[in-house]
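Q: I'd like to ask you about the structure that follows.
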Amino acid sequence: MEVPAATLSDHAGSSKTGTHNEGASSKALSSEAAYTEITLPESSGQHTPPRGQNIGNEANPEVVSTPHAPTASMRFDTLEDAQRHYLAFARRRGFGIRYNYRKKSEVTGELIRAALVCHKSGHQAKTKEDTQKPKPVVPERMKNNNVRTDCPARMALKVRNGSWLVTEFCDEHNHPLLLKWSLTGFLRSHKDIPQEDQDFIRILHSVNMETSRMMQVMATLYESVEGVPYTPKELANFRSTLRAENKYTDMQDTMAYFEATKLRDKDFYYRYKLDDEDRVQYLFWVDSAARKAYKSFNDCISFDATYMTNKYKMPFAPFIGINNHGQSIQLGCGFLKNELSESYIWLFESFLIAMDGVAPTNMITDQDGSMRAAMEKVFPNTTHRNCRWHIVDKATEEVGPFVAKIPGLREEMNDCINCSLTPEEFETRWTLMINKFNIQGHEKIAALYKKRSNWVPAYFMHKFYPFLQTTQRSEGFNAVLKKYVTSTNSVIEFVHQYEDIQAKIMKAENKEESDSSLLTAKKWCWHPIEQQVEKLYTKNIYHRFQFEMQSSMSYNIKPIGENRYEVYCITKFVPQYHNRAYEVYADPPNENYRCTCCKFERDGIVCCHILKAMVQLGVCEFPLKYVLRRWTWSAEENLVEELPGQPAVMPEESRKKMWLSVNCNEFKGLAMCGNETEDGRKIVRMHMKAMKKDLAALKRETEKRAKKVATSSATDPAENPSTQTAQANCPTQQVPPQVPSTGPRARKPPCQKRKSTGSSTSAANNTTATAPNGGFTDAEPSETSQANNIRDPRVSNTKGRKRKKAFQKPLDIGRKEIRVCKQCGSTQHDFRTCTQRGELADEN
1 MEVPAATLSD HAGSSKTGTH NEGASSKALS SEAAYTEITL PESSGQHTPP
51 RGQNIGNEAN PEVVSTPHAP TASMRFDTLE DAQRHYLAFA RRRGFGIRYN
101 YRKKSEVTGE LIRAALVCHK SGHQAKTKED TQKPKPVVPE RMKNNNVRTD
151 CPARMALKVR NGSWLVTEFC DEHNHPLLLK WSLTGFLRSH KDIPQEDQDF
201 IRILHSVNME TSRMMQVMAT LYESVEGVPY TPKELANFRS TLRAENKYTD
251 MQDTMAYFEA TKLRDKDFYY RYKLDDEDRV QYLFWVDSAA RKAYKSFNDC
301 ISFDATYMTN KYKMPFAPFI GINNHGQSIQ LGCGFLKNEL SESYIWLFES
351 FLIAMDGVAP TNMITDQDGS MRAAMEKVFP NTTHRNCRWH IVDKATEEVG
401 PFVAKIPGLR EEMNDCINCS LTPEEFETRW TLMINKFNIQ GHEKIAALYK
451 KRSNWVPAYF MHKFYPFLQT TQRSEGFNAV LKKYVTSTNS VIEFVHQYED
501 IQAKIMKAEN KEESDSSLLT AKKWCWHPIE QQVEKLYTKN IYHRFQFEMQ
551 SSMSYNIKPI GENRYEVYCI TKFVPQYHNR AYEVYADPPN ENYRCTCCKF
601 ERDGIVCCHI LKAMVQLGVC EFPLKYVLRR WTWSAEENLV EELPGQPAVM
651 PEESRKKMWL SVNCNEFKGL AMCGNETEDG RKIVRMHMKA MKKDLAALKR
701 ETEKRAKKVA TSSATDPAEN PSTQTAQANC PTQQVPPQVP STGPRARKPP
751 CQKRKSTGSS TSAANNTTAT APNGGFTDAE PSETSQANNI RDPRVSNTKG
801 RKRKKAFQKP LDIGRKEIRV CKQCGSTQHD FRTCTQRGEL ADEN
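Residue numbers for the sequence shown follow full-length UniProt numbering, beginning at 1 and rising by one.
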């Protein structure tokens, strides 16, 4: 629907806002243009149509009041003001706009002329079909083009006397206009995301919220999906823009952030290695909280690599420990270019340097050969255990069908693995099982037995692996991590998300510490031993001790020798211990106790069998040597520096963004309430004018005060020349880069700060740079300046663990599967030529 030009001219001419004659004063021009912006809030992209519109009915198009049309001799302070005004008018009329041209002065280089036209202005571009080029085999994607009709609608402007003057305006269209307000939001010129929305979306993007969830949040703020002035596609494109902000400076931003972090966290440590092209190959970092925790909890470390955490496809390798509450804690992490032995060697050496040369006592990993070779070189005295789950899961895929065909084999194999207490017992039971089921020639089962010392529990009964036989803690951390990061994240984004996880872990640990210190656990039997250890153990460990006390009721005891007792089960089944009997050595006068289940050696708490012997022998005081300090609530005492209590304060920028969202919602509600009646609209306008006047006065006062402070600061050095000389003679301090204020979360943040220092060593083909602590040599400025030339890594070729149901390539469709003998499981022959087949026939 088109509005006659005469009607528009009359409507615009009767208005007193935003227009005046060319000879008006510049002061009046400024106030008029400013008033135009207030009367057109839709120019910001957040305007909502008045109530009472029939939005969903196509037969009754939305009828909205048209804003004041631009007229010749209308002035604007800036070109952006003119664009916003014309954009608001265009959306009300039902068309989009774009720039036709913007010309600059040849003398000053500033814009002096511009023209805004309808989105259908101009002629359709003609494309010539290339007859020589063969047509693509794959059909091209269907595209919807905007057909231009040479629409004459336009608004031309030029600069005159410091403001932009409308020299030409035409509102005649040669195409149908959109009659529904909701449809205009799909025009390109009306898809712009307002700045205040961009700030809020940036916050949501920083926590890796999905685009669909972001749209739900924005629809809630706008009170309807139709009210959101942009589509999910525009939101996704804006997120791509955010991800591209550090496209070529990702590692430089990361190193700058690490340097700034060292100013807040004096024991923060990081290290990286560059290749021939100055691209990052490896990266390792750890904060002070983890380094201090490692001093108490270096007895067991879980290590594993995971994928899909960054856009470079670099494997992420975290070091996971166990604190005194039995919780998983982060003890450093790294990015690797690949999973070769030299990569793990570099990472383990970096970890060893950060931890002051103290290697972990025990480690559990998956069965990666490169990882094992690196551990043997860097941690030669560390006990290395493979994850049982990975080995059993892989064995299930390979020998599961074969084992399932033999009745009783699966149960006896599980019993042999789970219930053997010593290596000798396991080997004996395994040999009996092999002979019983006549499976000596099965290659996969033989290979599983060959690796027995790396994963079978019987070989680690005297090693401290508390409450775990698998890399479940690493797997659990990786699962949580992938809720925070995706394969599109940059390294600097990953670092921020990693710190958020660290903060979450620290908060959970503080909660457990508070519960252990302030709350009293519920007693089960009120035995003196139970009451004694309740004051020593943390809450979670005390609950595990209570479970052992309860399990002791499922056993009875009888002497079998001097200080030797047999503890046998009187119930059908006891969790974790099955139904077998155990031998306990108990010497109460000397406070010596041992059990063949070796739970104290494995988990650090006594078993139910020893507790049964203690109760039966009348022991009322628990020996303190069987209370490991690492399980007590004071395990980390005096490990960190205390910081005087400071209230948590939200950063000023975050506070501004929060209040902006709150105020926008409140003002929107007031506007909708006042729009119901004419009197309400008058009240809203009156208060808006008053608020604008007060805010303008406040702004002028603030600028005046700031100018006065700046003037006084500039005159002070001249009045005090001695101070100026002293400042000139003092050494120049390096200014840290401007990075976000959020740093790594520590259990108890250090109270001291120090200058940022760095050290680096250069080799022939690579560079290894280290961010030292107090025990390392400071570097020269020329050496640390290499951080400015660091380049982002290339996308890694590592593919990670293969999926069970991988995509089948066309070349693999015709391939035959490997034939397996149904009798013995061998791949070297089939059932027809199996030698065991003849032996079985002879026996029958």
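Note that the Cβ used here is the ideal one computed from N, Cα and C, for glycine as well.
Only a predicted model underlies this, so the values are computations on that prediction, with no experimental measurement involved.
Going straight from the alpha carbon of GLY604 to that of PHE464, what length do you get?
A: Taking the first residue of the sequence shown as 1, we reach residue 604 at position 604. Taking the first residue of the sequence shown as 1, we reach residue 464 at position 464. GLY604 and PHE464: Cα-Cα distance of roughly 7 Å.
Q: So, at 7 Å on beta carbons, what are the nonlocal neighbours of LYS377 in its own chain, with the 5 sequence-adjacent residues on each side left out?
A: On the sequence shown, position 377 is the one that residue 377 refers to. The answer, listed in chain order, is ILE345.
Q: Leaving aside the five residues before and after ALA374 along the sequence, list all residues of the same chain whose C-beta is less than 6 Å from its C-beta, in chain order.
A: Stepping through the sequence shown from its first residue, residue 374 is reached at position 374. Closer than 6 Å at the Cβ level, and outside the excluded window around ALA374, lie SER341, TYR344, ILE345 and PHE348.
Q: Tell me which residues share the same chain as PRO623 and place their Cβ nearer than 7 Å to its Cβ, disregarding the 5 neighbours each side in the sequence.
A: In the sequence shown, residue 623 corresponds to position 623, counting from 1. Taken in chain order, the residues that qualify are GLU591.
Q: Out of ALA156, GLY400, ALA260 and CYS118, state which residue places its alpha-carbon closest to the alpha-carbon of THR71.
A: Numbered from 1 along the sequence shown, position 71 holds the residue referred to as residue 71. Ranking ALA156, GLY400, ALA260 and CYS118 by Cα distance to THR71 puts ALA156 first.
Q: Quick one, which of ASN454, PRO457 and TRP430 has its alpha-carbon nearest ILE445's?
A: The residue you call residue 445 lines up with position 445 of the sequence shown. Of the candidates ASN454, PRO457 and TRP430, the one whose C-alpha sits nearest the C-alpha of ILE445 is TRP430.
Q: Can you tell me whether DSSP reads PRO318 as helix, strand or coil?
A: For the purposes of this step, residue 318 is taken as residue 318 along the sequence shown, with counting starting at 1. Three-state DSSP puts PRO318 in a strand.
Q: Would a C-beta distance cut-off of 8 Å place THR538 and THR632 closer than the cut-off?
A: Position 538 of the sequence shown holds residue 538. Position 632 of the sequence shown holds residue 632. Yes, the pair counts as a contact, with Cβ atoms nearer than the cut-off.
Q: For LEU518, count neighbouring C-beta atoms within 10 Å of its own C-beta (all shown protein chains included) and say buried if the count is 16 or more, exposed if not.
A: By 1-based counting over the sequence shown, the position of residue 518 is 518. That one is exposed.
Q: Kindly indicate which three-state DSSP category ALA508 falls into: helix, strand or coil?
A: Your numbering for residue 508 matches position 508 in the sequence shown. ALA508: helix per DSSP, three-state reduction.
Q: At the level of alpha carbons, what is the spacing between CYS170 and ALA115?
A: The sequence position of residue 170 within the sequence shown is 170, counting from 1. The sequence position of residue 115 within the sequence shown is 115, counting from 1. The alpha-carbon atoms of CYS170 and ALA115 are separated by roughly 11 Å.
Q: Return the chain-ordered ranges of every alpha helix (DSSP H) run that is complete within the stretch 159-189 and spans a minimum of 4 residues.
A: List check, alpha helix (DSSP H) in window: 181-184.
Q: Got a sec? Which residues, its chain only, sit under 7 Å from ARG629 by beta carbon, not counting five neighbours each side?
A: On the sequence shown, residue 629 is found 629 positions in, with the first residue counted as 1. Here the set comprises ALA635.
Q: Which of the three DSSP states, helix, strand or coil, is assigned to TRP524?
A: Locating residue 524 in the sequence shown gives position 524, counting from the first residue. Coil.
Q: Less than 8 Å between the beta carbons of THR471 and THR309, yes or no?
A: If you number the sequence shown from 1, residue 471 lands on position 471. If you number the sequence shown from 1, residue 309 lands on position 309. No, these two residues do not count as a Cβ contact at 8 Å.
Q: Of the residues PHE316, LYS120, HIS829 and ARG791, which one's Cα is nearest the Cα of GLU277?
A: As a first step, residue 277 is located in the sequence shown; it is residue number 277 there, counting from the start. Residue ARG791 is the option with its Cα nearest to GLU277.
Q: By Cβ distance, which residues of its chain are closer than 7 Å to LYS450, with the 5 residues on each side in sequence left out?
A: Your numbering for residue 450 matches position 450 in the sequence shown. Cβ neighbours of LYS450 beyond the five flanking positions: none.
Q: Taking only the alpha-carbon atoms, compute the straight-line gap between CYS569 and GLU425 and give it to the nearest angstrom.
A: Position 569 of the sequence shown, counted from the first residue, corresponds to residue 569. Position 425 of the sequence shown, counted from the first residue, corresponds to residue 425. Using only the alpha carbons, I get a separation of about 20 Å.
Q: Give the DSSP-derived three-state secondary structure of GLU427 in the structure shown.
A: Counting from one through the sequence shown, the residue named residue 427 turns up at place 427. Helix at GLU427.
Q: Are ALA359 and THR383 close, meaning C-beta to C-beta below 8 Å?
A: Sequence index remark: in the sequence shown, residue 359 carries index 359 (1-based). Sequence index remark: in the sequence shown, residue 383 carries index 383 (1-based). Cβ distance not < 8 Å, so ALA359 and THR383 don't count as in contact.
Q: Alpha helix (DSSP H) containing ASP587: first to last residue?
A: Position 587 of the sequence shown, counted from the first residue, corresponds to residue 587. No alpha helix (DSSP H) holds ASP587; the beta strand (DSSP E) holding it covers 582-587.
Q: From the DSSP output, read off the bridge partner residues of CYS595.
A: Taking the first residue of the sequence shown as position 1, residue 595 is located at position 595. In the DSSP output, where bridge partners are listed per residue, CYS595 has VAL584.
Q: Look up ASN556 in the DSSP assignment and give the residues it is bridged to.
A: Here residue 556 corresponds to residue number 556 of the sequence shown, with the count starting at 1. In the DSSP output, where bridge partners are listed per residue, ASN556 has TYR568.
Q: Using DSSP with H/G/I as helix, E/B as strand and the rest coil, what is THR383?
A: Walking along the sequence shown from the start, residue 383 turns up at place 383. Note: THR383 maps to strand in three-state DSSP.
Q: Should ALA586 and TYR565 be called a contact, given that it needs their Cβ atoms to be closer than 8 Å?
A: In the sequence shown, residue 586 corresponds to position 586, counting from 1. In the sequence shown, residue 565 corresponds to position 565, counting from 1. The answer is yes: Cβ separation under 8 Å.
Q: Excluding five sequence neighbours on each side, which residues of the same chain lie with their C-beta closer than 8 Å to the C-beta of LEU178?
A: Counting from 1 along the sequence shown, the entry for residue 178 is found at position 178. Same-chain partners within the cutoff: GLY94, PHE95, THR184 and LEU187.
Q: So, helix, strand or coil for ARG819, using DSSP?
A: The count along the sequence shown starts at 1 and reaches residue 819 at position 819. Coil.
Q: Buried or exposed for PHE831, please, with buried defined as at least 16 other CB atoms from any protein chain shown within 10 angstroms of its CB.
A: Translated into the one-based positions of the sequence shown, residue 831 becomes position 831. Exposed, by the Cβ-count rule.
Q: With 16 as the cutoff for other CB atoms within 10 Å, does ALA613 come out buried or exposed?
A: Indexing the sequence shown from 1 puts residue 613 at position 613. Answer is buried; the Cβ neighbour count reaches 16.
Q: Look at the alpha carbon of GLY674 and the alpha carbon of GLY680, and state the distance between them as a whole number of angstroms.
A: For the purposes of this step, residue 674 is taken as the residue at position 674 of the sequence shown. For the purposes of this step, residue 680 is taken as the residue at position 680 of the sequence shown. When rounded, the distance between both Cα atoms is 4 Å.
Q: What is the DSSP secondary structure of LEU111, counted as helix, strand or coil?
A: Residue mapping note: residue 111 aligns to position 111 of the sequence shown, counting from 1. Strand, per DSSP.
Q: Given ILE529, which residues of its chain have a CB within under 6 Å of its CB, disregarding the five upstream and five downstream residues?
A: The residue labelled residue 529 in the question sits at position 529 within the sequence shown. The answer, listed in chain order, is PHE622.
Q: First and last residue of the alpha helix (DSSP H) that includes TYR449?
A: As a working mapping, residue 449 is identified with position 449 in the sequence shown. Note, TYR449: alpha helix (DSSP H), 443-450.
Q: Cα separation between VAL584 and ARG594?
A: Counted from its first residue, the sequence shown places residue 584 at position 584. Counted from its first residue, the sequence shown places residue 594 at position 594. Straight-line Cα distance between these residues: approximately 6 Å.
Q: Could you give the first and the last residue of the continuous alpha helix (DSSP H) run that contains MET215?
A: Taking the first residue of the sequence shown as position 1, residue 215 is located at position 215. Start and end: 211-222.
Q: Flag this pair as yes or no: are the beta carbons of LEU409 and PHE437 separated by less than 8 Å?
A: By one-based count along the sequence shown, residue 409 stands at place 409. By one-based count along the sequence shown, residue 437 stands at place 437. Contact flag set, yes.
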